[in-house]
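First up is the structure itself, then whatever we jot down about it.
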Amino acid sequence: MGLKHIIKQSIIKSVMKKRKKSLTIDEIETELHTMSDTAGYDINHSYYFGSHDQIGNTFFLRLGLRGGQHRRAEVWFAYKSACGKAFVCELEHMDAKDATLKIECVEPLKEWKLSFTGKVIPVIPDKDSFLAIPCGNAQDAVFEATFKSDFGLYHFSRDVDNRAFAKAMAAEKWIKGFSDELKNNNQVHIEQEGTATATLQTGDELFSFSALAVRDHSYGRRIWSYMNTYHWLPAMLENGYIYNPNLVRYPAINTRGLITGYKMKNGIWTNILDVEFPQYAHSGKIPIANNLTIIFADKQKEKVSFIPEIIFPFSFKDEGGSFEVFAAVSKFVINGVKGRGSAEFGYNGDKTRYEKN
Numbered sequence: 483m484g485l486k487h488i489i490k491q492s493i494i495k496s497v498m499k500k501r502k503k504s505l506t507i508d509e510i511e512t513e514l515h516t517m518s519d520t521a522g523y524d525i526n527h528s529y530y531f532g533s534h535d536q537i538g539n540t541f542f543l544r545l546g547l548r549g550g551q552h553r554r555a556e557v558w559f560a561y562k563s564a565c566g567k568a569f570v571c572e573l574e575h576m577d578a579k580d581a582t583l584k585i586e587c588v589e590p591l592k593e594w595k596l597s598f599t600g601k602v603i604p605v606i607p608d609k610d611s612f613l614a615i616p617c618g619n620a621q622d623a624v625f626e627a628t629f630k631s632d633f634g635l636y637h638f639s640r641d642v643d644n645r646a647f648a649k650a651m652a653a654e655k656w657i658k659g660f661s662d663e664l665k666n667n668n669q670v671h672i673e674q675e676g677t678a679t680a681t682l683q684t685g686d687e688l689f690s691f692s693a694l695a696v697r698d699h700s701y702g703r704r705i706w707s708y709m710n711t712y713h714w715l716p717a718m719l720e721n722g723y724i725y726n727p728n729l730v731r732y733p734a735i736n737t738r739g740l741i742t743g744y745k746m747k748n749g750i751w752t753n754i755l756d757v758e759f760p761q762y763a764h765s766g767k768i769p770i771a772n773n774l775t776i777i778f779a780d781k782q783k784e785k786v787s788f789i790p791e792i793i794f795p796f797s798f799k800d801e802g803g804s805f806e807v808f809a810a811v812s813k814f815v816i817n818g819v820k821g822r823g824s825a826e827f828g829y830n831g832d833k834t835r836y837e838k839n
């Protein structure tokens, strides 16, 4: 690392320190945020909830609301039972007024109600790729879940280690417009650990489980086709820890990418400084069994391995192009401890955006 790079990191860390010092966050206000009536289509307001127990039960869901003249909703819903049966929502995009997924804040910071009412498709993993393929006709389903937490929010603007931002920014060329582009794509992003209790009724079958869970709430400007790639591996371990390593690459932050995340238990977290992702993560391939290394702020290193069981693909299109997400329900082993979670890999539809890196 050259002197110029060291100086750039020092500048960024100083800027971040001052910014955090002046930052005022109202967590209740963040919880109850609603989209402005004047928000454009480039404005995203999204919720994500995911829960995994240790015997193979899983659900994850996402509701993304879009501004603009015709309000739209982006919906993910996937459920896998310990017996091996799995389902995914039939529709991913719809008018917001017709959204099959509902998210309700019962008590800020404490409790959320989730519900899905619509068609799901039974799926099984392809024997070679693990991609979810239909194994039956679409059927009516009703899903209900409650997310509860006794812990505060992990607010990325406040809680990420300054060194994570510094490493990402220092790796880039500071050309004219660089700072403006960063500001233009800023989002509020919070996460919270908790527990979830869920039931799914489809046909004559009723599935249910309770387990550790994590939720994500973000809002601000997000254009899917602006991103080059992203990788996110939320995992819940037998010892009660939740891990959330992630990497995102944008045109403005692409050399190294922005690597953030944490491991957390009972509201206490240790930040992530670096993740050595597998090489294929930058090639556009769907998640495959692989290993990676996480480096934490306390200088500890932990080995991670994951093996996908079934992979759910989700697609997005906008005026700038397209983006494909592969969410792999997976077995994990982290630092010798077993767990379960998702290995989520997303790629721009334009392969030149990441193949050249």
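Read in order, the letters of the sequence shown correspond to residues 483 to 839 in this note's numbering. The beta-carbon is built from N, C-alpha and C at its ideal position, and this holds for glycine as well.
Roughly how many angstroms separate the alpha carbons of A620 and V807, rounded to a whole number? For the purposes of this step, residue 620 is taken as the residue at position 138 of the sequence shown. For the purposes of this step, residue 807 is taken as the residue at position 325 of the sequence shown. Distance between the alpha carbons of A620 and V807: 22 Å.
Is it true that the CB of W706 sits closer than 8 Å to the CB of D800? Counted from its first residue, the sequence shown places residue 800 at position 318. Counted from its first residue, the sequence shown places residue 706 at position 224. Contact: yes.
In terms of residues, what are the limits of the alpha helix (DSSP H) holding A564? Here the question's residue 564 lines up with position 82 in the sequence shown. Element bounds for A564: n/a, residue is neither H nor E.
Return the Cβ separation of G538 and A564 in integer angstroms, given the expectation that the two are a contact with Cβ distance under 8 Å. Here the question's residue 538 lines up with position 56 in the sequence shown. Here the question's residue 564 lines up with position 82 in the sequence shown. Sure, about 4 Å apart at Cβ, within 8 Å.
E687 to A623, Cα distance in whole Å? Residue mapping note: residue 687 aligns to position 205 of the sequence shown, counting from 1. Residue mapping note: residue 623 aligns to position 141 of the sequence shown, counting from 1. Taking the straight line joining both Cα atoms gives about 10 Å.
In the DSSP output, which residue or residues are listed as bridge partners for I493? Position 11 of the sequence shown, counted from the first residue, corresponds to residue 493. In DSSP, I493 forms no bridge with anything.
For the stretch 521-567, which segments carrying the beta strand (DSSP E) assignment without a break, of at least 3 residues, lie completely within its bounds, in sequence order? 525-534, 540-548 and 554-562
Does the stretch 788-797 come into contact with the stretch 727-741, if we say contact requires no fewer than three beta-carbon pairs (one atom in each stretch) closer than 8 Å? no
Are Y725 and I789 close, meaning C-beta to C-beta below 8 Å? Position 243 of the sequence shown holds residue 725. Position 307 of the sequence shown holds residue 789. Contact flag unset, no.
Does DSSP put F759 in a helix, a strand or coil? For the purposes of this step, residue 759 is identified with residue 277 of the sequence shown, where counting begins at 1. F759: coil per DSSP, three-state reduction.
Taking the alpha carbon of S843 as the point to measure from, which residue in D641, F778 and F814 has its own alpha carbon closest? Residue 843 cannot be examined here, being either before or after the span of the chain that is shown, 483 to 839.
Extent of the continuous alpha helix (DSSP H) run through M651: Within the sequence shown, numbered from 1, the residue matching residue 651 stands at position 169. Residues N644 to A652.
Hey, is the stretch 605-613 in contact with the stretch 645-663, meaning 3+ C-beta pairs nearer than 8 Å? no
Straight-line Cα distance separating F625 from A578: As a first step, residue 578 must be located in the sequence shown, where it is residue number 96. As a first step, residue 625 must be located in the sequence shown, where it is residue number 143. If I take the Cα positions, the gap works out to 19 Å.
Please look up how many angstroms separate the CB atoms of P769 and F805, rounded, as I've assumed it's under 8 Å. Along the sequence shown, one-based indexing puts residue 769 at 287. Along the sequence shown, one-based indexing puts residue 805 at 323. Incorrect: roughly 16 Å between the Cβ atoms, too far for contact.
Check whether the stretch 542-550 touches the stretch 516-524, counting contact only when three or more Cβ pairs, one atom from each stretch, lie closer than 8 Å. yes
Less than 8 Å separating the beta-carbons of T684 and V557? Position 202 of the sequence shown, counted from the start, is the residue given in the question as residue 684. Position 75 of the sequence shown, counted from the start, is the residue given in the question as residue 557. It is not a contact, given that the beta carbons lie outside the stated cut-off.
Is W656 buried or exposed, if buried means 16 or more other CB atoms sit within 10 Å of its CB? Here residue 656 refers to the residue found at position 174 of the sequence shown. Burial call: exposed.
Compute the Euclidean distance between the alpha carbons of C571 and L729, then round it to the nearest angstrom. As a first step, residue 571 is located in the sequence shown; it is residue number 89 there, counting from the start. As a first step, residue 729 is located in the sequence shown; it is residue number 247 there, counting from the start. Cα to Cα, C571 sits roughly 27 Å from L729.
Spatially closest choice to K490 from A680, G821, A650 and K747, by CA coordinates: Numbered from 1 along the sequence shown, position 8 holds the residue referred to as residue 490. Closest option to K490, Cα to Cα, is A650.
Tell me which same chain residues have a C-beta within less than 6 Å of the C-beta of P727, skipping the five on either side of it? Walking along the sequence shown from the start, residue 727 turns up at place 245. Cβ within range, chain order: L715, G743, I754, V757 and I776.
Cβ-Cβ separation, A614 to I494 (assumed contact under 8 Å), whole Å: Counting from one through the sequence shown, the residue named residue 494 turns up at place 12. Counting from one through the sequence shown, the residue named residue 614 turns up at place 132. That belief does not hold up - the Cβ atoms of I494 and A614 are roughly 41 Å apart, past 8 Å.
DSSP three-state call for T516: helix, strand or coil? As a position in the sequence shown, residue 516 is number 34, starting the count at 1. Note: T516 maps to coil in three-state DSSP.
Cutoff 6 Å; reference S700; Cβ partners in own chain excluding five residues on either side: Against the sequence shown, residue 700 aligns to sequence position 218. So the list reads S528, Q669 and H671, once near-sequence residues are dropped.
Range of the contiguous alpha helix (DSSP H) that encloses E801: Locating residue 801 in the sequence shown gives position 319, counting from the first residue. Run containing E801: none; DSSP gives neither H nor E here.
Quick check on DSSP: helix, strand or coil for N619? Within the sequence shown, residue 619 is the residue found at index 137, counting from 1. If DSSP states are grouped into helix, strand and coil, N619 belongs with coil.
May I ask you to report which of helix, strand or coil DSSP gives D708? Looking up residue 708 in the sequence shown gives position 226. Looking at the sequence shown, residue 708 is not Asp but Tyr. The answer is helix: DSSP assigns Y708 an H, G or I state.
Secondary structure at Y732, three-state DSSP: helix, strand or coil? As a first step, residue 732 is located in the sequence shown; it is residue number 250 there, counting from the start. Correct three-state label for Y732: coil.
Span of the alpha helix (DSSP H) around E593: Taking the first residue of the sequence shown as 1, we reach residue 593 at position 111. Not the alpha helix (DSSP H): E593 falls in the beta strand (DSSP E), residues E593 to P607.
Nearest-angstrom Cα separation, counted from T506 out to S639: Along the sequence shown, one-based indexing puts residue 639 at 157. Along the sequence shown, one-based indexing puts residue 506 at 24. So the alpha carbons of these two residues sit roughly 10 Å apart.
Reference R645, options L573, K820, N526 and I741, closest by Cα: Here the question's residue 645 lines up with position 163 in the sequence shown. Taking only the C-alpha atoms, the option nearest R645 is I741.
Between G818, G821 and G803, which has its C-alpha nearest T834's C-alpha? Residue 834 sits at position 352 when you count from the first residue of the sequence shown. If we check each option's Cα against that of T834, G803 comes out closest.
DSSP three-state assignment for Y836, whether helix, strand or coil: Locating residue 836 in the sequence shown gives position 354, where the first residue counts as 1. Helix, per DSSP.
In whole angstroms, what separates the C-alpha of I585 from that of Y636? By 1-based counting over the sequence shown, the position of residue 585 is 103. By 1-based counting over the sequence shown, the position of residue 636 is 154. Roughly 20 Å between the two C-alpha positions.
What distance in whole Å lies between the Cβ atoms of F531 and L855, which are believed to be in contact at a cut-off of 8 Å? Given a span of 483 to 839 for the chain in the structure shown, any question on residue 855 remains unanswerable.
Do you know how far the Cα of L514 is from the Cα of H575? Your numbering for residue 575 matches position 93 in the sequence shown. Your numbering for residue 514 matches position 32 in the sequence shown. When rounded, the distance between both Cα atoms is 24 Å.
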